[in-house]
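Engineer: Pasting in a structure now, in structure tokens, and then I'll have a few things to ask.
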Amino acid sequence: MTLWFLLLLAAVEVAVIAACASAPPAPKPQPATSVATVAPTAQPNVRPTAPPTANPMAMPVAAPEVGIMDDLYSPSEITIHVGETITWRNYGGKVHDAVSLTGAWSPSLLQPGGRARVTFTNAGKFEYTCSVHSSMTGWVIVE
Ligand SMILES: [Cu+2]
């Protein structure tokens, strides 16, 4: 009886081993597929750079200007170089002018918004006034 039992047990074991041997191999565990967690980047926030600035040496220099107000010159003293031109512009509401005290220049009266230009060809310090409002005085220094 024991022998039969052992033989039967052995037969079952062989059958089990054979079944295991013929079974398809268990799939290898695969690492979990990595999921991209990085959100897509936003649109590039690159703005075009400013165009290169022009050569400072080539930039135009503001022309010397004296504003005429009611009733003063602004600036009341201006320094320029020989050969430069000053523009007087009447920003006031009255009629004004800018007349040299020595008679070096004598522009006509300027209506509001009017302009007068004088080119200085000699160095010196020149005082001027308004022929209508004698309290208005200014200086041009030419270097
Ligand atoms: Cu005046």
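Residue 208 is where the sequence shown starts when you use my numbering, and the numbers rise one by one after that.
Every residue, glycine too, gets a C-beta built ideally from N, C-alpha and C.
Between which two residues does the beta strand (DSSP E) harbouring residue 279 extend?
Structural biologist: Here residue 279 is taken as the residue at index 72 of the sequence shown, counted from 1. Note, residue 279: beta strand (DSSP E), 279-281.
Engineer: Out of 330, 343, 278 and 309, which has the shortest C-alpha to C-alpha gap to residue 292?
Structural biologist: On the sequence shown, residue 292 is found 85 positions in, with the first residue counted as 1. The shortest C-alpha separation from residue 292 is found at 330.
Engineer: Comparing the CB of residue 302 with every heavy atom of ligand 1, is any distance shorter than 8 Å?
Structural biologist: As a position in the sequence shown, residue 302 is number 95, starting the count at 1. Yes, the Cβ of residue 302 comes within 8 Å of a heavy atom of ligand 1.
Engineer: Taking 9 Å as the threshold (C-beta atoms), are residue 319 and residue 345 in contact?
Structural biologist: By one-based count along the sequence shown, residue 345 stands at place 138. By one-based count along the sequence shown, residue 319 stands at place 112. The answer is no: Cβ separation not under 9 Å.
Engineer: For residue 288, write down the residues that DSSP places opposite it in a beta bridge.
Structural biologist: As a working mapping, residue 288 is identified with position 81 in the sequence shown. Its beta-bridge partners do not exist; DSSP assigns none.
Engineer: Once the 5 residues before and after residue 336 are set aside, which same chain residues still bring their CB inside 7 Å of it?
Structural biologist: As a first step, residue 336 must be located in the sequence shown, where it is residue number 129. Answer for residue 336: 306, 308, 343 and 344, listed in chain order.
Engineer: Between which two residues does the beta strand (DSSP E) carrying residue 298 extend?
Structural biologist: For the purposes of this step, residue 298 is taken as the residue at position 91 of the sequence shown. Careful: residue 298 lies outside any beta strand (DSSP E) and carries neither H nor E.
Engineer: Return the CA-CA distance between residue 311 and residue 290, expressed in angstroms with no decimal places.
Structural biologist: Start at 1 with the first residue of the sequence shown, and residue 311 comes out as number 104. Start at 1 with the first residue of the sequence shown, and residue 290 comes out as number 83. Going by the C-alpha atoms only, they are around 15 Å apart.
Engineer: Could you please give the first and the last residue of the uninterrupted beta strand (DSSP E) stretch that includes residue 343?
Structural biologist: In the sequence shown, the residue the question calls residue 343 occupies position 136. Premise fails: residue 343 is in no beta strand (DSSP E) and is neither H nor E.
Engineer: Give me whichever residues DSSP pairs with residue 320 in a beta bridge.
Structural biologist: Stepping through the sequence shown from its first residue, residue 320 is reached at position 113. The partner list for residue 320 (beta bridge, DSSP) is empty, contrary to what the question assumes.
Engineer: Should residue 273 be counted as a contact of ligand 1 given a C-beta to heavy atom distance under 8 Å?
Structural biologist: The sequence position of residue 273 within the sequence shown is 66, counting from 1. Every heavy atom of ligand 1 is 8 Å or more from the Cβ of residue 273, so no.
Engineer: Per DSSP, which residues does residue 336 bridge with? Please list them.
Structural biologist: By 1-based counting over the sequence shown, the position of residue 336 is 129. Paired residue(s): 306 and 344.
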